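Novice: Chains A and B, in that order, are what the protein sequence lines are.
Quick note: the first sequence uses my numbering, first residue 3, plus one each step.
Quick note: the second sequence uses my numbering, first residue 91, plus one each step.
Please see the structure below; I have some questions.
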Amino acid sequence: MTLSGYEALFFWIFGLAAIFAGLLTVMARNAVHSALFLISSLVSVAALFVLARAEFIAGVQILVYVGGVMVLFLFVIMLVNVGAEERGHEEIFNNQRQVTASLIFCLLLVGGVLYAVNRGYSGLQILHPNPVSQDQLQATSATGSSQITKDAEGVGGSLYRYASLPFEIASVLLLVAIIGSVMLARTLRQEASADDVAPEVLQEEIARDPQLAKLEPQSE
Amino acid sequence: MLNFTFAFLLQQVEDNRFAQMRHAAANPDLSKFLWIGALLFIIGVAGVLTRRNIIVIFMSIELILNAANLNFIAFSRYLHETGNANALAGQIFTVFIIVVAAAEAAIGLGIVIALYRNKETIWVDEIDLLKW
């Protein structure tokens, strides 16, 4: 898989954008800025997916991550991050030993992983000296990039042909996640009105907050 | 004379290496995709290790999962070009990773909200409920 022409240019643009946006995600002081940089990193990675002829996955990435998960993140930041402005004066990387240790670890990881990628890729080149480029079979436009592929069709076909059981399991997983997050995010008042609290705990809470006592007859 | 020839040859080698590097940059292949995936992964690991805001830690985990997705897609494309019949398996695996990431984000943020309601903090060094 060798990109060429404008595809190579866009590969470097979006690759570097993904890396810089990822770095800024980690380094931004404000959590909302982190979320916005993460969105731009995810969009850049989606563009890399398009360059690797995975148009369907790129669309799923933008719809699910940027449209769903990141909006969820922003809402939670809005709900939770009340006192963060006062804490914003602190340095975010203030624990010196922790930062030093993790930087050393990450530099070792960079060296090790890049070494492994290069060694492994040279092994792959020996294994497949001249991969048959499928692009030669496709029509090529004037800029040297090939036309859009039938990616969604292929993914859908093999998703239902080879992975239909994992597909069903994933749907059950999503259902469990929906129910679990709803259960986790309930307040004590909501739990009490659904008669979901142990009686002793409820008595203790009523002793602390008499308002809760009104909810008890409702549940019976 | 010999010295001059040697220097000339070295110059050729240097030029050749530079041309090779330029050729590799103009034609990014599988290994360049893997580099970007590796760097995104490591940035995510650094975020998990250094940050104290639990929401930013979750975002770093999303970055790590996304780096894995990038590797899967790149290998899927590579195997497609080597003529592997089941090359789309990488893309299908990516779909499942996205599903798991969405479920993880939903559950994790539910936990964050419940935690904030009880402990009034989202800084991980103050959340030590399970510390004995």
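By construction, the Cβ of each residue, glycine as well, lies at the ideal position given by its N, Cα and C atoms.
In this text, all values refer to a predicted model and were calculated from it rather than measured experimentally.
(1) Measure the alpha-carbon distance for Ala20 (chain A) versus Glu152 (chain B) and round it to whole angstroms.
(2) Can you give, in chain order, each stretch of the beta strand (DSSP E) that sits fully within the region 123–211 of chain B and has at least 3 residues?
(3) Relative to the C-alpha of Val45 (chain A), which candidate in A:Phe107, A:Ala30, A:His35, A:Gly69 has its C-alpha closest?
(4) CB-CB under 8 Å to Val138 (chain B), same chain, minus the five flanking residues each way: which ones, in chain order?
(5) For Trp213 (chain B), which residues does DSSP report across the bridge?
(6) Any C-beta of chain B sitting closer than 9 Å to the C-beta of Tyr8 (chain A)?
(7) Work out the CA separation of Gln100 (chain A) and Ala216 (chain B) for me, nearest whole Å.
(8) If you compare alpha carbons, which of B:Ala158, B:Leu178, B:Glu171 is closest to Ile188 (chain B)?
(9) Do we get a CB-CB distance below 9 Å when we pair Ser42 (chain A) with the residues of chain B?
(10) Determine the chain B residues that contact Phe12 (chain A) at a beta-carbon separation under 7 Å, and present them in chain order.
(11) Would you verify that the beta carbon of Val146 (chain B) is, or is not, closer than 9 Å to some beta carbon of chain A?
(12) What residues of chain B sit near Ile117 (chain A), judged by a beta carbon separation below 9 Å?
(13) Compare the Cα-Cα distances from Val34 (chain A) to each of A:Leu204, A:Gln205, A:Met80, A:Ala194 and report the closest residue.
(14) Could you tell me whether any non-hydrogen atom of the ligand ADP is closer than 8 Å to the CB of Leu130 (chain B)?
(15) Is the region 188–208 of chain B touching the region 179–188 of chain A, taking contact as three or more C-beta pairs under 8 Å?
(16) To which residues of the same chain is Ala37 (chain A) closer than 7 Å at the C-beta, ignoring the five residues directly before and after it?
(17) Please confirm if Ser221 (chain A) has its CB atom under 9 Å from at least one CB of chain B.
(18) Using three-state DSSP, classify Arg121 (chain A) as helix, strand or coil.
(19) When the Cβ atoms of the region 167–186 of chain B are set against those of the region 126–135 of chain B, are three or more pairs found closer than 8 Å?
(20) Can you pull the chain A residues whose beta carbon is under 7 Å from the beta carbon of Ala204 (chain B), in chain order?
(21) Would you kindly report the start and end of the unbroken alpha helix (DSSP H) that includes Thr27 (chain A)?
(22) Please classify Gln110 (chain B) as buried or exposed, where buried requires at least 16 other C-beta atoms within 10 Å of its C-beta.
Specialist: Inspection of the coordinates gives the following:
(1) 13 Å
(2) none
(3) A:Gly69
(4) Ile147, Ser150, Ile151, Ile154
(5) B:Asn143
(6) no
(7) Looking at the sequence provided, one finds Glu at residue 216 (chain B) rather than Ala. Rounded to whole angstroms, Glu216 (chain B) to Gln100 (chain A) spans 16 Å at the Cα level.
(8) B:Ala158
(9) no
(10) Within chain B, no residue comes near Phe12 (chain A); the closest Cβ sits about 10 Å away, beyond 7 Å.
(11) yes
(12) Just to set this straight, residue 117 (chain A) is Tyr in the shown sequence, not Ile. None at all; the shortest Cβ gap to chain B is about 10 Å.
(13) A:Met80
(14) Because no ligand of any kind appears in the structure shown, any question about the ligand ADP cannot be addressed here.
(15) yes
(16) Met72, Phe75, Leu76, Ile79
(17) Residue confidence is low: Ser221 (chain A) scores 47 on pLDDT, short of 50, so the model does not pin down where it sits. No coordinate-derived value is stated.
(18) helix
(19) no
(20) Leu186, Ala187
(21) 8–29
(22) exposed
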